[in-house]
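S.K.: What follows is a structure written as structure tokens; I'll ask about it next.
Protein chains: 2
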Amino acid sequence: MGGAAPIPASQGGSDVINGEMFIGSRSVRGTSGEARAVNPTTGETIEPAYRGATLAELDEACRLAWEAFDPYRSLEPEARAKFLEAIAQNILDIGDELIERAMAESGLPRPRLEGERGRTVGQLRLFAQVVRDGRYLNLRIDPAQPERKPLPRVDLRLRMIPLGPVAVFGASNFPLAFSVAGGDTASALAAGCPVVAKAHPAHPGTSELVGRAIQKAVQDSGLPEGVFSLIFDSGYEIGQALVADPRIKAVGFTGSRRGGLALMKIAQRRDEPIPVYAEMSSINPVILFPGALVERGEQIAQGFVTSLLMGSGQFCTSPGLILAIEGEALDTFIAGAGSALENSNAGTMLTPGIHQAYVEGVERLRSHTQVKPIAHGKAGERYQGVPSLFSTSAEAFLADKALAEEVFGSTSLVVRCRDEAELARVLDSLEGQLTASLHIAEADHDDARKLIPVLERKVGRILVNGFGTGVEVAPAMVHGGPFPSTSDGRSTSVGTLAIDRFLRPVSYQDMPEALLPAELRDSNPLGIDRLVDGKPVPGAA
Amino acid sequence: MGGAAPIPASQGGSDVINGEMFIGSRSVRGTSGEARAVNPTTGETIEPAYRGATLAELDEACRLAWEAFDPYRSLEPEARAKFLEAIAQNILDIGDELIERAMAESGLPRPRLEGERGRTVGQLRLFAQVVRDGRYLNLRIDPAQPERKPLPRVDLRLRMIPLGPVAVFGASNFPLAFSVAGGDTASALAAGCPVVAKAHPAHPGTSELVGRAIQKAVQDSGLPEGVFSLIFDSGYEIGQALVADPRIKAVGFTGSRRGGLALMKIAQRRDEPIPVYAEMSSINPVILFPGALVERGEQIAQGFVTSLLMGSGQFCTSPGLILAIEGEALDTFIAGAGSALENSNAGTMLTPGIHQAYVEGVERLRSHTQVKPIAHGKAGERYQGVPSLFSTSAEAFLADKALAEEVFGSTSLVVRCRDEAELARVLDSLEGQLTASLHIAEADHDDARKLIPVLERKVGRILVNGFGTGVEVAPAMVHGGPFPSTSDGRSTSVGTLAIDRFLRPVSYQDMPEALLPAELRDSNPLGIDRLVDGKPVPGAA
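Sequence order for the protein chains is X and G. For the first sequence, full-length UniProt numbering begins at 1 and goes up steadily by one. For the second sequence, full-length UniProt numbering begins at 1 and goes up steadily by one.
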């Protein structure tokens, strides 16, 4: 495999891995560059080679997506919901090969990837329910008032429609749940947007398997082929051209700040600027209140280390910053966290590049004159990151912005504050974050209450007595936050509200029943909840 | 008035006009530049002189707005609603001086401005109801499931919170409804955002009167002074610095494409980019179907000319483009519209600058080799625009993008298409628009149905057998559309949905009842509708 000669496209089941991408219904071997995944556990490269798409292939994917847009968005809700469920089933049907391939390409352990597959499948099924439910359409009807003075009132009806084809950039750290069939793809497809996905180069085989599962669902559901394409890029050119393509109307991205900012720039410079939903970087402050530290400092320390080690710290919501007021209770916490960390193993990182960046990030802290090491975990193998905990003073933290930069991996920094006021200043100095956690006892409520408004302005999710690393897929979840944790703090990339990113409102004035979209007709044939004259009117039960 | 010596700040009622702006509770005479409004009906300048704010004054307005943000957003809904109603009442209380001043500064006639005042006041009162109703908060509760396997589910609660202080740029063409207390200000204040408004230089006296009405409502309601400031700018520097100020978190703007694009650039280049809601330009295609033309071509022609002349064509939704298939019925329509137009009077334009741009725009069409004049209205006085109607072929229109540029004023272009396919191509060539109108008879339904998907992708509001110039303030209104009609096609600047522009979601995980915002407590003390486990649960009746 991987030779220059053409290889016949796959005839087999959904578990075939042979270096292909998908341009609509075609399975295509790329021609530009040649890259293989690296198994970060063994350091070995993994066959087959993946080659990047050409600009012509990208153009075809975008053309097909554009052609598919109108027919796909006008599908009955039930058909769109069944399509999402078919994707979920096809992913399950790949079976263990998907888990094994993802393990090899990411270094993540089996239980984690099995859990992530469950999350991915559950997410697709949840969005199928969102589509059936139809409340996301935000239906509003203001009936005509022909007798109104001085002017009669027209008949107005509003619904949300999808923006158009969406570019999705797979993330490295969740090869299933934030990648080819992850939250961005699920919510975009649910909204009625075709998807052109750009595979993450770290897990091309996993991407191919999942891409083929979606392609099969498109075919089995009798949908226009352009509803989904998956392309590989041997560098940055194809991904950048994807964002610049005039037929692409929105972008979903999870990755580095540099990568997200680059895509934002391209999107803003287009003749028609488009929204970019980039989830970028976050250090997720954890605030330990005095009462909680006294009451259960040791227990919080255990929970903190468990959260810090999850996925080798490669979570967007990893607890990278601990804020607390100096004192005996904080010392006890630090001692507890330090000894738990010293007993922890190094964790395999997703890619050699991420490992290298982690080593450099830890070194930056270690060599900082105002930062003291608290503890390190056990040394590991080639691409394993050693968990690390450091401390510094609030004064030093406030004086050096570099100390607030994310170190992607199992490293955290304890900031010792002299008092509440200093702690508030540190919080106020932070950039936008995905999450903040408060650890409090009953006695801390009054102090905590004062900080909540500050946190609301800084983060998308505020947790009490927990850590951000579990991100429930649910209606009330916000996985987003003010810039630069995301490019657009008005959005979430996890939970049912994520669908709103890919919608815009359209109003229909005095349109005859026969021309109205079904969901806005008086008869309400789809039985969806609506707002009539500003008051909720339930659809069919 | 207008001399360099300081003049004591006003002691009188709300009908005082003496060249002041408002930095929180202070009434301030600017010091930079010196500008007076021009009465476009008489050509005379109007006292007093207005001087621009300094950067220090702008800084103070932004600082006060930021300080006011937390207390203002945490007001009880009833208090915020009453504040909006107090603004409405104070505007009415200004009495006739407001109408007379607006007439003098805009050249708009009394009935139009009285109607616009009604709209402005009605809009504030409607947003008071939106605040009381609370549905805009998008409350969602996913209760904990401690027994869930393999992991217990946490308790998650979501609400929308305001973005922060908002910069509002008053528009020239609606000196009341889209200016200092217009839709942007009303929806931002309703959302819980303090407002720093930048007065439009064409109607400074009107702006001062309305600004003082808002300032009085802030004081009478006992709110932090920074909830509202009004600044003047003698050039562009202060307006640009306002958008660049880190304490400003969103921008509302109605005006030219050049102006909107300039603000977008500033907003995107900030350390923290912020959303700009700019409503910019639109030619609002009107599509005349064959059946409708045969059935009532003459009547449509009358309606069209009435719409075209409204406000001297200075409406964002003025019908600037007519599309129809060649033939006898179209000729009849053109003859009817032409003769109605020939009998129409020239209309006073808002400013000498707008008049000049209109004259140039009409001249551009007149001198175009592929454009034929159909009719002109009667010649007018100094700053009056002569209504004009032109025609061209679809081929010529498709060949020259300049023909699709907005001419702000009572000018429209009829594009003769050979057949439906050519008409569809013309539609497809258009940039994003605020509105599109379809004039159809029963016999045209099948043809119209084919165009609706194209229109949905191009515009924010689709009208049948009407014109876009009436913009109802209602829950189902969309006054927005794909770029470049607005900077952000996901939004509307008119109607209750406009509040969504200034909100973002925050999620609270496992937060004790005592620390939760009132609207998310189990007891639901504010009685607001919520989504519990994804199902709607009504609040208090």
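Even glycine gets a Cβ: it sits at the ideal position worked out from N, Cα and C.
I'd like to know whether the C-beta of Asp142(G) is nearer than 8 Å to at least one C-beta of chain X.
M.R.: For Asp142(G), the answer is yes, since a Cβ of chain X falls inside 8 Å of its Cβ.
S.K.: Is Leu350(G) helix, strand or coil when you go by DSSP?
M.R.: Three-state DSSP puts Leu350(G) in coil, outside helix and strand.
S.K.: Alpha carbon to alpha carbon, what distance is there between Glu328(G) and Gly297(G)?
M.R.: If I take the Cα positions, the gap works out to 10 Å.
S.K.: For Thr42(G), which of helix, strand or coil comes out of DSSP?
M.R.: Looking at Thr42(G) - three-state DSSP - the assignment turns out to be coil, as it is neither helix nor strand.
S.K.: From the beta carbon of Tyr136(X), is the nearest beta carbon of chain G less than 8 Å away?
M.R.: No, its Cβ sits nowhere closer than 8 Å to a Cβ of chain G.
S.K.: Could you say which of Pro150(G), Ala81(G), Leu156(G) lies nearest to Ala144(G) if we only look at CA atoms?
M.R.: The option with the nearest alpha carbon to Ala144(G) is Leu156(G).
S.K.: Check distances from the C-beta atoms of the stretch 436-461 of chain X to those of chain G and list, in chain order, the residues that come in under 9 Å.
M.R.: The stretch 436-461 of chain X vs chain G, Cβ under 9 Å: Ser437, Leu438, Ile440, Glu442, His445, Ala448, Arg449, Ile452, Pro453, Val454, Leu455, Glu456, Arg457, Val459, Gly460, Arg461.
S.K.: Distance, Cα to Cα, Ser179(X) vs Phe169(X)?
M.R.: Distance between the alpha carbons of Ser179(X) and Phe169(X) is about 7 Å.
S.K.: Just to make sure I have the definition right: I need the residues of chain G whose C-beta is within less than 7 Å of the C-beta of Glu272(X). Which are they?
M.R.: Ordered by position in chain G, the residues that pass the 7 Å Cβ test against Glu272(X) are Phe483.
S.K.: Heavy atom of the ligand COA less than 7 Å from the Cβ of Pro512(G), yes or no?
M.R.: The ligand content of the structure shown is nil, which means the ligand COA is not present either.
S.K.: By a C-beta neighbour count over all protein chains shown, 10 Å radius and 16 as the cutoff for buried, is Ile528(G) buried or exposed?
M.R.: Burial call: buried.
S.K.: Among residues of its own chain, excluding the 5 on either side of Asp184(X), which ones have a beta-carbon nearer than 7 Å to its beta-carbon?
M.R.: Counting only Cβ-Cβ distances below 7 Å, and skipping sequence neighbours, we find Val168, Gly252, Ser493.
S.K.: Would you mind working out which of Leu341(G), Ile91(G), Ala190(G), Ser312(G) sits nearest Gln215(G), comparing C-alpha positions?
M.R.: For Gln215(G), the nearest C-alpha among the options comes from Ile91(G).
S.K.: What three-state label does DSSP hand Thr492(X) in the structure shown?
M.R.: It is coil, neither helix nor strand.
S.K.: Could you compute how far the alpha carbon of Ser10(G) sits from the alpha carbon of Gly115(G)?
M.R.: Any reading at Ser10(G) must be qualified, since the residue scores a pLDDT of 48, below 50, and its modelled position is unreliable; the value itself is stated next. Those two C-alpha atoms are separated by around 29 Å.
S.K.: By the 8 Å beta-carbon criterion, what residues does the stretch 496-516 of chain X contribute toward chain G?
M.R.: Result list: Thr496, Leu497, Leu503, Arg504, Pro505, Val506, Ser507, Tyr508, Gln509, Asp510, Met511, Pro512, Ala514, Leu515.
S.K.: Could you tell me if Val473(X) is buried or exposed, where buried requires 16 or more neighbouring beta carbons within 10 angstroms of its beta carbon?
M.R.: So Val473(X) counts as buried.
S.K.: In the structure shown, what three-state DSSP assignment does Gln240(G) receive?
M.R.: The answer is helix: DSSP assigns Gln240(G) an H, G or I state.
S.K.: If we ignore side chains and look at the alpha-carbon of each, how far apart do Arg117(X) and Ser25(X) end up?
M.R.: The straight-line gap from Cα to Cα measures roughly 24 Å.
S.K.: Quick check on this structure: which residue in Glu295(X), Cys316(X), Arg366(X), Thr369(X) has the alpha carbon closest to the alpha carbon of Phe333(X)?
M.R.: When only C-alpha atoms are compared, the closest one is Glu295(X).
S.K.: Within the 8 Å Cβ cut-off, does Val464(G) reach chain X?
M.R.: Val464(G) counts as touching chain X.
S.K.: Quick one, which residues of the stretch 409-432 of chain X are near chain G if we go by CB-CB under 9 Å, in chain order?
M.R.: Those would be Glu431, Gly432, in chain order.
S.K.: Chain X partners of Pro475(G), CB-CB under 7 Å?
M.R.: Ordered by position in chain X, the residues that pass the 7 Å Cβ test against Pro475(G) are Arg140, Asp142, Leu531, Gly534.
S.K.: Using a C-beta cutoff of 8 Å, does Thr31(G) count as contacting chain X?
M.R.: Answer no: the Cβ-Cβ gap between Thr31(G) and chain X never drops below 8 Å.
S.K.: In terms of alpha-carbon separation, which member of Leu126(X), Ala394(X), Leu389(X), Glu34(X) lies closest to Arg364(X)?
M.R.: It is Leu389(X) whose Cα lies nearest to the Cα of Arg364(X).
S.K.: Taking Cβ positions only, does Gln11(X) come closer than 8 Å to chain G?
M.R.: Model confidence at Gln11(X) stands at a pLDDT of 46, short of 50, so the residue's coordinates are unreliable and nothing is read from them.
S.K.: Could you give the C-beta distance for Ile141(G) and Leu520(G), rounded to a whole number, given that I count them as a contact under 8 Å?
M.R.: Contact holds; Cβ gap of about 7 Å.
S.K.: Between Leu531(X) and Arg132(X), what straight-line distance do the alpha-carbon atoms span, to the nearest angstrom?
M.R.: So the alpha carbons of these two residues sit roughly 18 Å apart.
S.K.: Give me the residue from Arg153(X), Ser282(X), Thr392(X) with the minimum Cα distance to Ala367(X).
M.R.: Sequence check: residue 367(X) is Ser here, not Ala. Ser367(X) has its Cα closest to that of Thr392(X), out of Arg153(X), Ser282(X), Thr392(X).
S.K.: Please report the residue range of the beta strand (DSSP E) in which Tyr72(G) lies.
M.R.: Careful: Tyr72(G) lies outside any beta strand (DSSP E), inside the alpha helix (DSSP H) at 55-73.
S.K.: Please tell me whether Asp522(X) has its Cβ less than 8 Å away from any Cβ of chain G.
M.R.: Not closer than 8 Å to any Cβ of chain G, the Cβ of Asp522(X) fails to qualify, so no.
S.K.: For the stretch 164-223 of chain X, list the alpha helix (DSSP H) runs that are entirely contained and at least 4 residues long, ordered along the chain.
M.R.: Listed in chain order, they are 183-191, 204-220.
S.K.: Give a yes or no on whether the minimum CB-CB distance between Arg157(G) and chain X is below 8 Å.
M.R.: Chain X contact via Cβ: present.
S.K.: If you follow the beta strand (DSSP E) that Lys372(X) is in, where does it begin and where does it stop?
M.R.: Unbroken beta strand (DSSP E) run through Lys372(X): 372-376.
S.K.: Given Asp245(X), which residues of its chain have a CB within under 6 Å of its CB, disregarding the five upstream and five downstream residues?
M.R.: For Asp245(X), where only same-chain residues beyond five positions count, the Cβ hits under 6 Å are Cys62.
S.K.: At least one CB of chain X closer than 8 Å to the CB of residue 547(G): is that the case?
M.R.: Within the shown structure, residues of chain G are numbered from 1 to 541, placing residue 547(G) beyond reach of any answer.
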